[in-house]
Amino acid sequence: MKETVVSGIRSTGKLHLGNYYGALSNFVKMQNEYNCFFFIADLHSLTTHPTPSDLNRTVREVVVEYLAAGIDPEQSTIYVQSDVPEVAELYLYMNMNAYLGELERATAFKDKVRANPDNVNSGLLTYPVLMACDILIHHGTKVPVGKDQEQHLEMTRTFGNRFNRLYNVDYFKEAFAFSYSDKLVKIPGLDGNGKMGKSNGEASCVYLSDSPEIIRKKVMRAVSDSGPTEVNQPKPEAIQNLFDLMKVVSSADTLAHFNQLYNNCEIRYGDLKKQLAEDMIIATDPVRSRIEEISNDEEYIKKVIRLGAEKASESARKTITEVREIIGIKKLY
Ligand code: TRP
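Position 228 of the sequence shown, counting from 1, maps to 239 under my numbering, and the rest follow consecutively.
Set out below in structure tokens:
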């Protein structure tokens, strides 16, 4: 029996190179080995009140880009969270055993309260319960998430174990974070510090769907400095970031060439950026064309989303039937 992997992504829309070279490339590789559920967490997105059209558009964008990146909708299950109402039902049940104190202590919750003090809604508070249900509904045991989601997985185990204890069953399994490949590819942003990510601002991100012209513009505007003044010095963060990006998209020769120029204090960042932009464009060209092709094929998108909903519902229906039985919710008519 293959182990079950469950991965959710909040539907904040188009994906950047960090998503692509990080999580997504691993998703593509692990499809054979695991029973994979990849879903778009549109219900989770509601905590921030997107407009209906934004919500709808961003869900579609992520589906298209997952497919373009190589997720196989036959082999894996790619679905939209709201297409599986059993998740919401399980969320209701699990909320009965999730306590205010533990929910309030969650780091992600506290961060959000600090960032948006006037939108502390109960969906935000119970975000980890819904996330637990995403995983428990398919009996997932492996969840490819980063460090920031570790605590949510711990809560998932707590909720599952508590359910088992309360009803004296051995029903839900424990899920753990996992990384398919231990070679972590670092995708820094273009803004001089940290990872590429929307939370670090649009300027830090190159999106998979960005046109070559936009990629050139963004890369040319990337943060750099006035250049090294002494030979063989370590690189400041912003410069190291450009080299790290180059490591991902350029050839080893190109990288060595610019490293040498840097070490001899002969580097011109304009040249490096030009090269980086061109190599980025070449590296992402296949996925960019696939995005364009797929997003113009409404019938195909519909077919894929319908298939995903069917496959995910089949698994979810089985769980919810069993959970109702365990809880004692039985039809009296
Ligand atoms: N909370 C996750 C994040 O912000 C998204 C998510 C929702 C998720 N449900 C999930 C991830 C279930 C893995 C499994 O990245």
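For glycine and all other residues, C-beta sits at the position ideal for the given N, C-alpha and C. Keep in mind it's a predicted model, so treat the numbers as computed, not measured.
Residue pairing for residue 47: DSSP places it in a beta bridge opposite 16. When the five nearest sequence neighbours on each side are left out, the beta carbons in the same chain lying within less than 8 Å of the beta carbon of residue 102 are those of 137, 140, 141 and 144, in order along the chain. The bridge partners DSSP lists for residue 188 are 154.
Rounded to whole angstroms, the separation of the alpha carbons of residue 236 and residue 89 is 43 Å. Per the coordinates, the alpha-carbon of residue 24 lies some 45 Å from the alpha-carbon of residue 344.
Residue 249 and residue 272 have their C-alpha atoms spaced approximately 17 Å apart.
Taken atom to atom, the span from the alpha-carbon of residue 71 to that of residue 177 is near 39 Å. Looking from the CA of residue 298, the closest CA among 280, 39, 91 and 18 belongs to 39. Spatial neighbours of residue 323 in its own chain (CB-CB distance under 8 Å, excluding positions within 5 residues in sequence) are listed in chain order as 48, 50, 88, 90, 94, 95 and 149. The Cβ atoms of residue 170 and residue 182 lie no closer than 8 Å to each other. According to the DSSP secondary-structure assignment, residue 23 is paired through a beta bridge with no residue. For the beta strand (DSSP E) assignment, the stretch 211-268 encloses no uninterrupted run of at least 3 residues. Our two residues, residue 287 and residue 79, have alpha carbons roughly 23 Å apart in a direct line.
DSSP places residue 340 outside any alpha helix (DSSP H), giving it a letter other than H or E.
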